[in-house]
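The opening position of the sequence shown corresponds to residue 223 in this note's numbering, with each subsequent residue numbered one higher. For every residue, glycine included, the Cβ atom is placed at its ideal position computed from N, Cα and C. Remarks on the structure that follows.
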Amino acid sequence: MFAITLADIEQAAIQLHGVAHMTPVMTSRTLDALTGHSVFLKCEQFQRGGAFKFRGAYNAISRLSAHERQRGVIAFSSGNHAQGVALAARLAGVPAVICMPDDAPPVKLAATREYGAEVVIYQRATTDREAFARTLAEQRGLTLIPPYDHPHIMAGQGTAARELLAQIPDLDTLVMPVGGGGLISGCTIAAKAHNATIRIFGVETEGADDVRRSLACGERVTIDPPTTIADGIRTTAPGQLTFPIIRHYVEQILVVPDTAVLETMLFLLMRMKLVVEPTGAVGLAAVMTGLLPPTCQRIGVIISGGNVDPALLAGLS
Numbered sequence: 223m224f225a226i227t228l229a230d231i232e233q234a235a236i237q238l239h240g241v242a243h244m245t246p247v248m249t250s251r252t253l254d255a256l257t258g259h260s261v262f263l264k265c266e267q268f269q270r271g272g273a274f275k276f277r278g279a280y281n282a283i284s285r286l287s288a289h290e291r292q293r294g295v296i297a298f299s300s301g302n303h304a305q306g307v308a309l310a311a312r313l314a315g316v317p318a319v320i321c322m323p324d325d326a327p328p329v330k331l332a333a334t335r336e337y338g339a340e341v342v343i344y345q346r347a348t349t350d351r352e353a354f355a356r357t358l359a360e361q362r363g364l365t366l367i368p369p370y371d372h373p374h375i376m377a378g379q380g381t382a383a384r385e386l387l388a389q390i391p392d393l394d395t396l397v398m399p400v401g402g403g404g405l406i407s408g409c410t411i412a413a414k415a416h417n418a419t420i421r422i423f424g425v426e427t428e429g430a431d432d433v434r435r436s437l438a439c440g441e442r443v444t445i446d447p448p449t450t451i452a453d454g455i456r457t458t459a460p461g462q463l464t465f466p467i468i469r470h471y472v473e474q475i476l477v478v479p480d481t482a483v484l485e486t487m488l489f490l491l492m493r494m495k496l497v498v499e500p501t502g503a504v505g506l507a508a509v510m511t512g513l514l515p516p517t518c519q520r521i522g523v524i525i526s527g528g529n530v531d532p533a534l535l536a537g538l539s
């Protein structure tokens, strides 16, 4: 029925064993008091590459044939998928080309290059990034590693929820940011297999709510390239493979303003000493602004990454 099953996530966990970090779960009595919930943060900013994206990237690249490994891979991303693919490719000894937009955060651009990937810049406002990458892939004979709409990517990302529920088995709710849907689709399959009654909420920012609009319409909707501080969820439409899982299982897509994201980043920095990028703070922003039903008691929040622009971090106040 869906692009992946629990078996795919279990296989991804085997591929990632000994390579990906088992990231910690952190709590705060202050956070619980402020929100009225018991909140458990799955800190994927401590994952290799600084974000959950390494999970899917390595799962996909580790399955390439010898010929595909020799030719190399290509990806398109504003940052964390770029870094995940670049790092996974380096570990596997595979050449990597990453297509990044002209407004990609400098810290993510620099890290991608430091991992050894070739970076090709495109104009976000005028370029179809997937078409751009596919054309380059055909010209060079490279294998495309998409950011979310691929079974191996989705299954790899699902290992984050698999780990979280092994660490904190009695969660009744799972909250996370949603862009193209790779994280939430994989995590939903893992979570529902663990507990069929667990409630799943995705979170987007204002103006970048393509998934919320798609659910309202009952089909995938494409929006204009959004402007949001959360660069990791600047997608224009949910994935073809991810959307059916979201539509079937996700209870609601919540929407928060950029201001709430910044306030959440500041809270995490000052009260929990956690450096989190804007997209990583999106899920917790929904919890902290009271958007979840009061019946949600034990909430797992996936902090998706920590690759924040130092200039943005310095400006938090």
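Exercise. Can you tell me the Cα-Cα spacing of residue 251 and residue 520, whole angstroms?
Worked result: 13 Å
For this session: Report yes or no: do the segment 450-466 and the segment 422-436 share at least 3 C-beta pairs separated by less than 8 Å?
Result: yes
Exercise. Nearest to residue 327 by CA position, among 392, 501 and 244, is which residue?
Worked result: 501
For this session: Could you say which of 446, 302, 339 and 345 lies nearest to residue 323 if we only look at CA atoms?
Result: 345
For this session: Determine the contact status of residue 243 and residue 268, defining contact as a CB-CB distance below 9 Å.
Result: yes
Exercise. In this structure, what does DSSP give as the bridge partners for residue 295?
Worked result: 318 and 365
For this session: Tell me residue 223's beta-bridge partners as DSSP assigns them.
Result: Looking at the DSSP assignment, residue 223 forms no beta bridge with any residue, so it has no partner.
Exercise. Is it the case that the Cβ atoms of residue 316 and residue 275 are separated by a distance below 9 Å?
Worked result: no
Exercise. Per DSSP, residue 262 forms a beta bridge with which residues?
Worked result: 522
Exercise. Where do the N-terminal and C-terminal ends of the alpha helix (DSSP H) with residue 336 fall, by residue?
Worked result: 328-336
Problem set entry | Meets three-Cβ-pair contact criterion under 8 Å: the segment 355-366 and the segment 386-403 | no
Problem set entry | Boundaries (first-last residue) of the beta strand (DSSP E) holding residue 455 | That residue, residue 455, is in no beta strand (DSSP E); it is neither H nor E in DSSP.
Exercise. Among the residues of its own chain, which have a CB less than 7 Å from the CB of residue 457, if the five just before and after it don't count?
Worked result: 401, 402 and 432
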